[in-house]
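S.K.: In my numbering, the protein residues as written are 21 to 950.
Where a beta carbon is used, it is the ideal one built from N, C-alpha and C, also for glycine.
1) Hey, how far is the Cα of residue 133 from the Cα of residue 732?
2) Among 124, 225, 219, which has the Cα closest to the Cα of residue 637?
3) In the DSSP assignment, what residue or residues form a beta bridge with residue 867?
4) Please report the straight-line C-alpha distance between residue 458 and residue 522, rounded to a whole angstrom.
5) Which of helix, strand or coil does DSSP assign to residue 81?
6) Determine the contact status of residue 295 and residue 497, defining contact as a CB-CB distance below 8 Å.
7) Nearest CA to the CA of residue 292: which residue from 893, 376, 505, 218?
8) Quick one, which of 180, 150, 183 has its alpha-carbon nearest residue 167's?
9) Quick one: grab the DSSP three-state call for residue 504.
10) Can at least three beta-carbon pairs, one atom from the segment 198 to 216 and one from the segment 574 to 583, be found at a separation below 8 Å?
11) When you compare each of 617, 805, 444 to residue 186 by their alpha carbons, which one comes out closest?
12) Go ahead and label residue 561 buried or exposed: buried means 16 or more other beta carbons lie within 10 angstroms of its beta carbon, across all protein chains shown.
13) Buried or exposed for residue 162, going by 16 or more other Cβ atoms inside 10 Å?
14) Examine the Cβ distances between the segment 70 to 90 and the segment 117 to 136 and report whether three or more of them are shorter than 8 Å.
15) What's the C-alpha gap between residue 260 and residue 513?
16) Does residue 631 come out as helix, strand or coil in the three-state DSSP assignment?
17) Decide if residue 664 is buried, meaning its Cβ has at least 16 other Cβ atoms within 10 Å, or exposed.
18) Identify which residue in 564, 581, 689 has its Cα closest to the Cα of residue 194.
19) So is residue 419 buried or exposed if we call it buried at 16+ other beta carbons inside 10 Å?
20) Alpha helix (DSSP H) containing residue 527: first to last residue?
21) Report yes if the C-beta distance between residue 433 and residue 464 is below 8 Å; otherwise report no.
22) In this structure, how does DSSP classify residue 709 when only helix, strand and coil are distinguished?
23) CA-CA distance, residue 759 and residue 793?
24) With 16 other CB atoms within 10 Å as the buried threshold, where does residue 297 fall?
25) What separation, rounded to the nearest whole angstrom, lies between the Cα atoms of residue 263 and residue 426?
26) Grab me the residues of residue 211's own chain with a C-beta within less than 7 Å of its C-beta, minus the 5 sequence neighbours each way, in chain order.
27) Starting from the N-terminal side, write out each stretch of the alpha helix (DSSP H) that is 4 residues or longer and does not extend beyond the segment 60 to 145.
28) Got a sec? Which residues, its chain only, sit under 7 Å from residue 755 by beta carbon, not counting five neighbours each side?
29) Using only the alpha-carbon positions, how far apart do residue 472 and residue 44 sit?
30) When the Cα atoms are used, what is the spatial distance from residue 954 to residue 34?
31) For the segment 539 to 553 against the segment 136 to 151, do three or more pairs of beta-carbon atoms, one drawn from each stretch, fall closer than 8 Å, so that the two count as touching?
32) If you count every other CB in all the chains shown that lies within 10 Å of the CB of residue 671, and 16 or more means buried, which is it?
33) DSSP has residue 314 in a bridge; who is on the other side?
34) Identify, in the order they occur along the chain, each residue of the same chain with its Cβ nearer than 6 Å to the Cβ of residue 632, setting aside the five sequence neighbours on each side.
35) Count Cβ pairs between the segment 353 to 368 and the segment 88 to 102 that sit closer than 8 Å; are there 3 or more?
36) In the DSSP assignment, find the unbroken alpha helix (DSSP H) run with residue 283 in it and report its ends.
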């Protein structure tokens with residue numbers, strides 16, 4: 021098909037989402053095709069009042085960007101910075117005889133194609149290309165059987181977008197007024213936060229329990245050893261963790277034998293010299309089946325468990341692998357494999373592992389996909405036959421190589437034989453006690469040879485899968501080598517990791533797995549959640565917001581209701597439900613109050629103070645203790661007494677004991693350490709939201725009190741009155757330093773360089789003054805202690821304190837060349853890529869910035885994701901990062917001084933022209949965008 025097109029005189033324009041995808045597809049099409057990228061969405065709902073077209077600004081619904089009074093008609097605008105790119109696409113279309121829309125085959129991809137049609141208004145034939153992998157065969161098959169844009173998928177995406185806009189824009193302002201500004205509510209994010217908060221509530225309510233048991237070390241006649249655990253004493257079962265009530269810490273069954281430390285020690289001593297016999301040996305065969313190929317959700321979960329990747333990091337690597345033709349489409353709910361993929365996997369099994377690992381017939385997997393229109397294949401290696409990980413490792417970065425390895429192994433393992441083995445249980449009795457031990461042997465590893473879930477090395481992990489016990493028989497006598505009493509404590513339910521949260525959301529049918537990465541990022545960005553290790557910990561703000569929604573808008577965070585919304589969107593995509601009818605039901609109600617009615621009087625009904633208080637408990641003989649979510653930070657409250665809470669203290673650690681301790685510290689902080697001999701003002705050690713600090717003076721004084729932070733490594737226990745005064749003395753003057761003037765030749769050369777850079781006379785004079793030096797000061801700064809002389813600063817090493825640094829030490833530091841910031845030698849790029857940016861036409865570079873490496877195309881800057889190796893970053897990955905940053909309204913490079921100077925010369929003329937044309941220009945732009 022591609023050859024036929026190339027041979028003709030026609031020219032076809034193909035539009036995909038990303039430059040990387042465009043480059044890969046371009047390799048498989050002939051000269052008759054021009055492949056361009058839309059760089060994400062080309063239209064969206066307005067983001068803020070500035071983007072709302074003028075003709076709608078007076079409407080009551082304008083802030084929503086959706087006309088709720090007229091069939092929920094959305095206002096679509098072109099995002100800032102996209103107009104130039106759209107003009108380029110229009111120009112390319114004018115030169116073309118056909119238009120192919122090759123965006124992803126899901127709701128978002130279908131919507132992008134539809135928006136392109138709406139904005140480009142093509143007068144040439146339009147065809148929709150769909151494929152699940154970017155390979156030559158897949159592209160040619162798609163060209164041979166194009167289709168039209170699927171209106172059902174478009175309506176489902178549009179409904180989802182409007183639904184999320186109404187939810188977020190109507191509920192968020194309520195949170196601003198009743199909890200704190202700049203918060204947000206969302207259809208999926210609010211439910212995700214509720215899940216995390218509920219888990220933390222369980223941890224807070226948890227009562228730990230302790231029990232003891234015995235561990236026996238036995239040996240048979242061959243001196244083979246085995247360890248067994250005590251399970252019963254004189255017919256009474258010994259409890260395990262699951263036998264305790266997590267809310268009370270008490271045993272659920274009174275018939276169990278709860279051993280304390282003294283009884284366990286006494287029992288161990290009593291039975292140590294007893295006789296023990298094997299009374300039961302169970303040997304049961306078992307079989308385990310391989311896991312299904314990856315879906316979006318299971319890939320995110322496994323990459324988090326096995327590699328420690330965040331959902332975002334996993335999806336970025338998978339996106340790049342897909343766009344470069346290495347794996348199939350990575351946003352899928354399906355566990356199905358194409359027949360050609362099954363054939364490839366079965367051939368690889370024979371070649372790599374042997375005939376015995378190949379089952380007689382191919383395996384099939386049934387997923388939970390409800391929407392047949394969006395049922396892609398599972399994620400698998402692309403192409404035919406599959407590429408081996410070792411063959412392409414050199415062309416991938418570290419993250420991509422790890423994700424491809426996971427996908428390859430999981431795909432191949434899904435078509436392998438079952439693993440078979442035996443589970444062995446041995447019961448040992450003696451002195452009225454029963455001990456048990458269980459083991460497992462693998463007779464045939466089957467699929468475990470290729471893939472063990474949650475393990476990096478299947479071969480090494482096979483040993484961990486086994487626990488081989490010595491061969492013993494019923495009636496055989498065993499020697500007791502040792503009896504040890506062991507203490508155990510019940511543990512609270514684990515917090516959600518990203519993998520666990522993803523699994524919980526998917527199991528409840530909430531949201532789409534492809535959106536979980538952005539949801540997890542959003543709840544962290546909104547300060548609803550922070551990470552402690554790999555765990556997601558809710559903040560007190562999350563408690564307050566969840567409490568408001570549960571008490572006053574319970575339906576909006578109901579798990580079943582939220583899952584039903586996803587089913588309704590699927591029904592819309594299949595044409596089984598009308599989208600306008602659904603939106604009317606959600607917003608205005610249909611038998612039950614809609615969103616608008618639910619929110620009608622909430623501002624007056626909700627007590628902000630009540631929402632912001634979370635009860636910790638009531639100490640005996642005292643008042644109730646609460647955590648209050650203040651406008652700026654949370655704090656502990658008991659009656660009139662309050663104490664700040666450290667921002668990084670997890671809620672479950674704010675126990676009654678901890679709360680009373682903080683209140684006591686705050687009360688102590690009200691008493692001064694002493695009186696400053698210079699000012700006569702009291703000096704306090706205070707505990708604030710960001711930790712301890714020193715304060716001189718009182719907040720009620722006319723003059724603002726002076727505050728000083730503690731040095732790194734200091735704790736409140738280290739602070740006495742003398743140390744507090746030293747901290748308040750910062751910044752301290754060390755003396756004067758006047759560096760020698762540079763030689764005349766150097767000075768002349770320096771002046772010439774500065775002139776080339778366009779520096780003003782004023783800046784030259786400032787530089788001369790700086791060269792003369794002056795006072796040397798020692799500071800305790802936000803990023804650590806440092807010394808300063810004029811405009812020159814140098815950080816203090818860890819072994820030199822700003823309280824003790826001498827003038828001589830400071831001068832030595834100031835003499836060392838500067839490595840960062842203004843005045844530092846200009847750094848060379850880490851890497852300059854061969855290709856040019858399709859947007860700016862400039863070279864794409866990888867630079868080392870203040871906050872880490874980033875890529876730039878001369879206009880847009882994009883930071884590298886955490887964990888990405890700068891050395892292994894490829895050109896296509898850089899383009900993807902820049903495209904994503906630009907689509908999100910990314911950071912633009914500041915104009916150069918040269919441009920600023922030119923602009924300055926024409927300011928008056930430009931201003932005059934702007935004032936006469938402003939209204940006309942704005943109206944034209946608005947009409948075009950709308």
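M.R.: In terms of the structure at hand:
1) 54 Å
2) 225
3) 874
4) 33 Å
5) coil
6) yes
7) 505
8) 150
9) strand
10) yes
11) 617
12) buried
13) buried
14) no
15) 15 Å
16) helix
17) buried
18) 564
19) buried
20) 518 to 527
21) no
22) coil
23) 6 Å
24) exposed
25) 38 Å
26) 530, 577, 579, 582
27) 103 to 114, 127 to 140
28) 796, 827
29) 33 Å
30) Examination of residue 954 is not possible in this model, given that the chain is present from 21 through 950 alone.
31) no
32) buried
33) 399
34) 564, 648, 649
35) no
36) 281 to 291
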